[in-house]
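Asker:
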């Protein structure tokens, strides 16, 4: 196994007690998580989607930095046509 993967895999700061910061997670990884969450529960509110993403990544609260990153990701997914935002309800476009 590559040394980088070993380091990342066993990093003591990537645990439930020390989750990664939003800025340390690639936008593609955050967007994939948002897509999967929206597919699991179609029609959830934007706020609930953000909170579910926080839970997925192990973040205990939705701080300004996390909110800004996730809001930008949701906006980008809407702009790409991946998400449909109908009256504040997010669904994955088919």
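In my numbering, the protein residues as written are -9 to 84. Here a beta-carbon is modelled for each residue, glycine too, at the ideal position from N, C-alpha and C.
Tell me whether the beta-carbon of residue 41 lies closer than 8 Å to the beta-carbon of residue 78.
Answerer: No. Outside cutoff.
Asker: Can you tell me where the alpha helix (DSSP H) with residue 64 in it begins and where it stops?
Answerer: Run containing residue 64: 54 to 69, per the alpha helix (DSSP H) assignment.
Asker: Quick check on DSSP: helix, strand or coil for residue 50?
Answerer: Coil.
Asker: Taking all protein chains shown into account, do 16 or more other C-beta atoms lie within 10 angstroms of the C-beta of residue 31, making it buried, or fewer, making it exposed?
Answerer: Label assigned to residue 31: exposed.
Asker: Would you call the segment 10 to 29 and the segment 47 to 63 in contact, with 3 or more CB pairs under 8 Å?
Answerer: Contact between the segment 10 to 29 and the segment 47 to 63 is present, because at least three Cβ pairs lie under 8 Å.
Asker: Taking 8 Å as the threshold (C-beta atoms), are residue 20 and residue 63 in contact?
Answerer: For residue 63 and residue 20, yes; Cβs fall inside 8 Å.
Asker: Starting from the C-beta of residue 28, find all residues in its chain whose C-beta is less than 8 Å away, skip the five residues before and the five after it, and write them out in chain order.
Answerer: So the qualifying residues of the chain are 34, 39, 73, 80, 81, 82.
Asker: I believe residue 43 touches residue 22 by the beta-carbon criterion, under 8 Å. Please report the beta-carbon distance rounded to the nearest angstrom.
Answerer: Not confirmed; about 11 Å, so no contact.
Asker: Assuming residue 76 is part of the beta strand (DSSP E), what are its boundary residues?
Answerer: Run containing residue 76: 73 to 76, per the beta strand (DSSP E) assignment.
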